[in-house]
Amino acid sequence: MEKKNIDWENLGFDYIVTDKRYVSYYKDGAWDDGALTSDATVTISECAGVLQYAQTCFEGLKAYTTVDGHIVCFRPDLNADRMIDSCERLEMPVFPKERFLEAVEQVVSANEAYVPPYGSGATLYIRPYMFGSNAVIGVKPAREYQFRMFVTPVGPYFKGGAKPITIRVCDYDRAAPHGTGHIKAGLNYAMSLFPIMDAHRQGFDENMYLDAATRTKVEETGGANFLFVTKDGTVVTPKSNSILPSITRRSLMYVAEHYLGLKVEQREVYFDEVKDFADCGLCGTAAVISPVGKINDHGREICFPSGMEEMGPVTAKLRETLTGIQMGTIEAPEGWIKVIK
Ligand SMILES: *Cc1c(COP(=O)(O)O)cnc(C)c1O
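Okay, so the sequence shown: first residue is 895 according to our numbering, each after it adds one.
Structure follows, in structure tokens:
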């Protein structure tokens, strides 16, 4: 199979249309058989539930080429499970887990020419999503839905090394207690656009959101979970019902404990303790871990000892180990790597 003529090393994180995508339609209480299509457009009612009341959720995962030339995905079963949770919270029909996994296999296989080669740093980003498609004007769940999955090749997240970023403590809230922070709903991103653009205008890379109820505890950023490392080497991640359960973060916590022999804790993290940590990173599918060098709390700076030039030693080791597991150079825990071909 011949790869597309793409400059893999210099790809950004932009949508590039690929050959095939998967679509299944839900109507009269059931999903149809689903199929791949070459049509990259969606035609729906002007009054579709998704357009009026934002009834939509999504997932994000990646396919890679491993060192021995296989095309694999990382823990897609957890994306399927999380999408089920999102659908239930949004009164959307569940797309069965087995079918989700089959769709991943079909879409990636059909777009094999777009899977970046091993060593390029690029990956194939997979975007499953669902939305209410029939006309809804009174507020209620749609009766018809589309489950879709497309892929797009994306470049290395860090070109020329992972540079630490500067984040600010945000005065806007991301998620209410008992709200929708724990599901991957488009609405959580719509409301984060103003705070993130505002952060950029003020010269910061990201927002650190605190818990909405007391504003004393660390939650997450707009799209990544926090990992902290204490001065004696314990890896700590915040616990809260309004944090999105990152698959990368859960995997890194496992790697910390079982591969690196570190102590791990998932617990409430008060903002007041952040100044005492040795190392801080943001975890998500896109970057695995992005190092945080500095946190700005209304003008007061917290600078981590790792500085603004390179990642801290523990987060660097975590990142190296997890990417090794993903690329096939380090043995993976049972069931983490799904071989597509
Ligand atoms: C998707 C997402 C993450 C990262 O989750 P991964 O499964 O690791 O990609 C973190 N926070 C939010 C708000 C997200 O939407």
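All C-beta atoms in this analysis are idealised placements derived from N, C-alpha and C, irrespective of residue type, glycine included.
Check: Spatial neighbours of K1133 within its chain, please: C-beta separation below 7 Å, excluding the five flanking residues on both sides.; Outcome: Q1160, R1161, E1162
Check: Please classify V1033 as buried or exposed, where buried requires at least 16 neighbouring CB atoms within 10 angstroms.; Outcome: exposed
Check: Please say whether R915 and T931 have beta carbons closer to each other than 8 Å?; Outcome: yes
Check: With A955 and I1020 assumed to form a contact (beta carbons below 8 Å), what rounded beta-carbon distance in angstroms separates them?; Outcome: According to the sequence as given, residue 955 is Leu; it is not Ala. Correct: roughly 5 Å between the Cβ atoms.
Check: Which first and last residues belong to the alpha helix (DSSP H) in which Q946 is found?; Outcome: 943-947
Check: DSSP state of R845, grouped into three classes?; Outcome: In the structure as shown, the chain begins at 895 and stops at 1235. Residue 845 is therefore absent and cannot be evaluated.
Check: Using a Cβ-based criterion (distance less than 7 Å to any ligand heavy atom), does I1141 qualify as near ligand 1?; Outcome: yes
Check: Three or more beta-carbon pairs under 8 Å between the stretch 1069-1084 and the stretch 1206-1218, yes or no?; Outcome: no
Check: Taking the straight line between their C-alpha atoms, what separation do you get for R1062 and M1102?; Outcome: 6 Å
Check: Using only the alpha-carbon positions, how far apart do D926 and E992 sit?; Outcome: 14 Å
Check: Three Cβ pairs or more, each shorter than 8 Å: is that satisfied between the stretch 1083-1094 and the stretch 1119-1136?; Outcome: no
Check: Taking three-plus beta-carbon pairs below 8 Å as touching, is the stretch 1139-1151 in contact with the stretch 1189-1206?; Outcome: no
Check: Got a sec, what are the start and stop residues for the beta strand (DSSP E) N1119 sits in?; Outcome: 1119-1123
Check: Let me check you understand the geometry: is the CB of A1084 closer than 7 Å to at least one non-hydrogen atom of ligand 1?; Outcome: no
Check: According to DSSP, which residues form a beta bridge with W925?; Outcome: Y920
Check: Just checking my contact of T1110 with Y1164 at CB under 8 Å: how many whole Å lie between their CB atoms?; Outcome: 6 Å
Check: Sort M986, C1177, D1170 by Cα distance to V944 and report the nearest one.; Outcome: M986
Check: Mind pulling the alpha helix (DSSP H) runs of 4 or more residues that sit fully within the stretch 1077-1143?; Outcome: 1080-1084, 1087-1095
Check: In this structure, how does DSSP classify M1202 when only helix, strand and coil are distinguished?; Outcome: coil
Check: Our contact map puts A929 next to S1027 with C-beta atoms below 8 Å; I'd like the distance itself, whole angstroms only.; Outcome: Not a contact, Cβ separation roughly 16 Å.
Check: With distances taken from CA atoms, which of K1232, N899, M895, G1193 is nearest C1064?; Outcome: G1193
Check: Looking at the unbroken alpha helix (DSSP H) that takes in V1001, where does it start and where does it end?; Outcome: 991-1004
Check: For S1184, which beta-bridge partners are listed by DSSP?; Outcome: L1176
Check: Report the option in P1058, E1114, G1116, V966 whose CA atom is closest to the CA atom of G1229.; Outcome: V966
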